[in-house]
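Some notes on the structure that comes next.
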Amino acid sequence: MNITYCENYDHMSQMAYDSIISDLKLKSGQLICTATGNSPTGVYEKLSALYKSNPEYFKAISIVKLDEWHGINANDPSSCETYIRHKILEPLHIPDDRFIAFKSDTDSPERECDRIQKEIAEKGPIDLCILGIGVNGHIGFNEPAESISAFCHVGELAKTSMRHQMVNDVKIKPRFGLTLGMADILHSKKIMLLITGAHKENITEQLLTKKITTHLPASLLWLHSNMECYIDSGSLKK
Ligand code: F6R
Numbered sequence: 010m011n012i013t014y015c016e017n018y019d020h021m022s023q024m025a026y027d028s029i030i031s032d033l034k035l036k037s038g039q040l041i042c043t044a045t046g047n048s049p050t051g052v053y054e055k056l057s058a059l060y061k062s063n064p065e066y067f068k069a070i071s072i073v074k075l076d077e078w079h080g081i082n083a084n085d086p087s088s089c090e091t092y093i094r095h096k097i098l099e100p101l102h103i104p105d106d107r108f109i110a111f112k113s114d115t116d117s118p119e120r121e122c123d124r125i126q127k128e129i130a131e132k133g134p135i136d137l138c139i140l141g142i143g144v145n146g147h148i149g150f151n152e153p154a155e156s157i158s159a160f161c162h163v164g165e166l167a168k169t170s171m172r173h174q175m176v177n178d179v180k181i182k183p184r185f186g187l188t189l190g191m192a193d194i195l196h197s198k199k200i201m202l203l204i205t206g207a208h209k210e211n212i213t214e215q216l217l218t219k220k221i222t223t224h225l226p227a228s229l230l231w232l233h234s235n236m237e238c239y240i241d242s243g244s245l246k247k
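My numbering puts the first residue of the sequence shown at 10, with every later residue one more than the last.
Right under this line is the structure:
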C-alpha cells in the first residue's frame with residue numbers, strides 16, 4: 010500500500026485527482042468503479058471542473074457503481090444512484106451505456122447481484138476502484154464479519170452504516186446493501202482509498218497496523234500490489 014499523507018481534504022483530493030489524470034493520459038478507455046459519500050466528493054468535483062476545459066479525458070471512460078442501498082428508490086436524493094448521476098455521470102457526460110449499476114428497488118436483489126457480476130466479467134477488469142472507508146472499516150457494503158463474500162452480494166448493513174449521513178433523511182433506514190465483493194475490488198488493476206474525517210481516527214490507526222482480518226475489510230487492501238491510500242491528516246491521531 011502506497012500511503013500519501015495529506016495536509017487536509019483539498020490536498021487529499023488533489024493528490025488522488027493528479028494520479029487519476031496521469032493514468033487517464035496513458036489509457037483513456039478506463040472502467041472506473043466509484044464509491045459515493047464524502048471521501049471521494051472532492052475528487053469528483055475536480056474531475057468535473059476539468060471536463061469543462063478538457064472533455065476528451067472522459068470520452069471513453071465507463072463507470073461501475075460500487076454499491077447501493079437496498080429498497081431506496083433510484084431517484085431518491087439519498088441513493089448512491091442519485092449521487093453518481095449528479096457528481097459523475099452528468100458533469101462528465103457519461104451515457105447510460107457506459108454505466109454499470111445495481112438497481113436499488115429491485116424485487117430480487119440476488120438476481121441483480123448476478124447481473125452485475127456478469128457485466129463486470131464481460132466488461133472488466135476494473136482499471137481503477139475509488140474507495141472510502143467506513144468508521145467500522147467497511148469497504149463498499151462489505152461489513153466486518155467472521156467471513157465475507159468474495160463477489161457481488163446483498164449484505165446486511167452494520168448499525169454504523171445505517172447511520173451513514175447519506176441516509177440521514179431516510180425515515181425507514183435500509184437494512185441491506187448491494188455491493189461488489191472484496192474479490193471484485195481486489196481484481197481491479199489499481200485501487201485508491203481515501204481517508205478523511207476525525208471520526209475515522211480509530212479505524213485509520215487499526216488499518217495502519219497492517220494486520221489483515223475480515224473484521225476490518227479495508228485491511229484486505231494490503232494484499233493488493235497497486236494500491237494507493239490518501240490520508241487527510243485530520244484522520245490521524247495527534
Ligand atoms: C459508499 C461506500 C461506503 C463509503 C464509506 C465512507 O458508496 O461504499 O463504503 O465509502 O462508508 O463514507 P464517507 O466517505 O461518506 O465517510
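For each residue, glycine too, the CB sits at the ideal point set by N, CA and C.
Under three-state DSSP, which class holds residue i?
i, result
"Val-163", "strand"
"Lys-74", "strand"
"Gly-186", "strand"
"Leu-217", "coil"
"Asp-19", "helix"
"Asn-11", "strand"
"Leu-40", "strand"
"Lys-199", "strand"
"Phe-111", "coil"
"Asn-151", "strand"
"Ile-103", "coil"
"Ile-81", "coil"
"Ile-204", "strand"
"Lys-247", "coil"
"Lys-168", "helix"
May I ask which residues mark the beginning and end of the alpha helix (DSSP H) holding residue i?
i, result
"Gly-51", "50-62"
"Tyr-239", "That residue, Tyr-239, is in no alpha helix (DSSP H); its beta strand (DSSP E) goes 236-241."
"Arg-172", "Unbroken run through Arg-172: none, as it is neither H nor E."
"Asp-123", "118-132"
"Tyr-92", "89-93"
Going by Cα to Cα distance, which pick from the options is closest to residue i?
i, options, result
"Thr-222", "Cys-161, Lys-168 and His-147", "His-147"
"Glu-189", "Leu-232, Ala-58, Lys-220 and Pro-134", "Residue identity differs from the one stated: residue 189 is Leu in this sequence, not Glu. Checking every option, the nearest Cα to that of Leu-189 belongs to Pro-134."
"Thr-13", "Pro-153, Tyr-239 and Lys-247", "Tyr-239"
"Lys-199", "Ser-57, Thr-115 and Leu-33", "Leu-33"
"Ser-158", "Val-179, His-224, Leu-101 and Lys-220", "His-224"
"Lys-246", "Leu-232, Gln-215, Lys-219 and Met-175", "Gln-215"
"Asn-151", "Thr-43, Ala-227, Tyr-66 and Met-10", "Ala-227"
"Ser-48", "Tyr-60, Gly-149 and Ile-109", "Gly-149"
"Val-73", "Ser-170, Tyr-92 and Ser-87", "Tyr-92"
"Ala-69", "Met-201, Gln-39 and Asp-76", "Gln-39"
"Ser-156", "Leu-229, Asp-123, Lys-209 and His-102", "Leu-229"
"Asp-116", "Pro-153, Phe-185 and His-20", "Phe-185"
"His-102", "Ile-181, Pro-153 and Tyr-60", "Tyr-60"
"His-79", "Cys-161, His-20, Asp-105 and Ser-113", "Ser-113"
"Asn-84", "Cys-138, Val-179 and Cys-15", "Val-179"
If residue i sits next to residue j, beta carbons under 8 angstroms apart, how far is it from one beta carbon to the other, in whole angstroms?
i, j, result
"Phe-111", "Glu-121", "5 angstroms"
"Gly-243", "Thr-205", "7 angstroms"
"Ala-44", "Gly-141", "5 angstroms"
"His-233", "Leu-195", "6 angstroms"
"Asn-11", "Met-236", "7 angstroms"
"Lys-132", "Ile-109", "7 angstroms"
"Tyr-66", "Lys-96", "In fact, because the Cβ distance is near 16 angstroms, the residues do not count as touching under 8 angstroms."
Which residues bound the beta strand (DSSP E) around residue i?
i, result
"Ile-139", "137-141"
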